[in-house]
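Under numbering that gives the first Met the number 0, the letters of the sequence shown match residues 0 to 139, in that order.
A virtual CB, placed ideally from N, CA and C, is assigned to each residue, including glycine.
Here's the structure we're looking at; comments come further down.
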Amino acid sequence: MTGRPLSRSSFLTERQVQVLKMRIAGCSQEEIARQLGTTRANVAILEKRARQNIERARTTVQIWKEIQAPVAVVLPAGTDLFEIPARIFQEADARGVRIPLTSVDLVVQLREKAPHLFHKRVLERSTEVRVTLQGEVLVN
């Protein structure tokens, strides 16, 4: 295996993929180093860079989703969960955007994607909520 990317469509090298697969399988860095004929330090670097590349890719996808989300509402701390759909639909109407969701769908996605933001039904801190044309709720 080489240090080249798997293809132009991947952020990971073949070696990084190999190391990650072995780590997920439960191998220690020392065991991987022995099997690959390298040092534990090199395996640690490969794993660290692979994880950084994965995080960078996740961030890139998140930014792309946000670009595609025409509806954005900043909600102050203290907002009741059940007030949020009305605010989102109001913003969507103002922009001439039809959101393929019901109020219940919005509430469910908010509770699933950002349970840490709520104490019971109340937002604990100010946050931005975006909705894509496909109906995906994005929470910052």
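Check, Outcome
"Residue from Ile66, Arg86, Lys119 whose Cα sits closest to the Cα of Val73", "Arg86"
"Same chain, Cβ closer than 6 Å to Met0, five either side skipped, listed in chain order", "In this predicted model, Met0 has a pLDDT of only 49, less than 50, meaning its place in the structure is not dependable; the value taken from the coordinates is given anyway. Within the same chain, Met0 has close Cβ partners Glu13, Arg14, Gln17."
"Residue ranges of each beta strand (DSSP E) within the segment 1-76, 3 or longer", "70-74"
"Proximity winner among Glu30, Pro84, Ala71, Lys20, relative to Arg50 (alpha-carbon distances)", "Lys20"
"Buried versus exposed call for Glu90 [16 or more other C-beta atoms within 10 Å across all chains shown]", "buried"
"Limits of the alpha helix (DSSP H) - the one that Val128 falls within", "Counting along the chain, Val128 falls outside any alpha helix (DSSP H), though it belongs to the beta strand (DSSP E) covering 126-130."
"Cβ-Cβ distance between Arg120 and Phe88 below 8 Å", "no"
"Residues near Leu105 by beta carbon distance below 7 Å, same chain, minus five either side", "Ile83, Pro84, Ile87, Val136"
"Residue of Val130, Val138, Asn139, Arg57 minimising C-alpha distance to Pro69", "Val130"
"Cα-Cα separation between Gly134 and Ala76, rounded to whole angstroms", "24 Å"
"Reference Ile98; option with closest CA among Glu30, Thr126, Ala71, Leu132", "Leu132"
"Integer Cβ distance of Pro138 from Leu100, believed to fall under 8 Å", "In the sequence as displayed, the identity of residue 138 is Val instead of Pro. Not a contact, Cβ separation roughly 14 Å."
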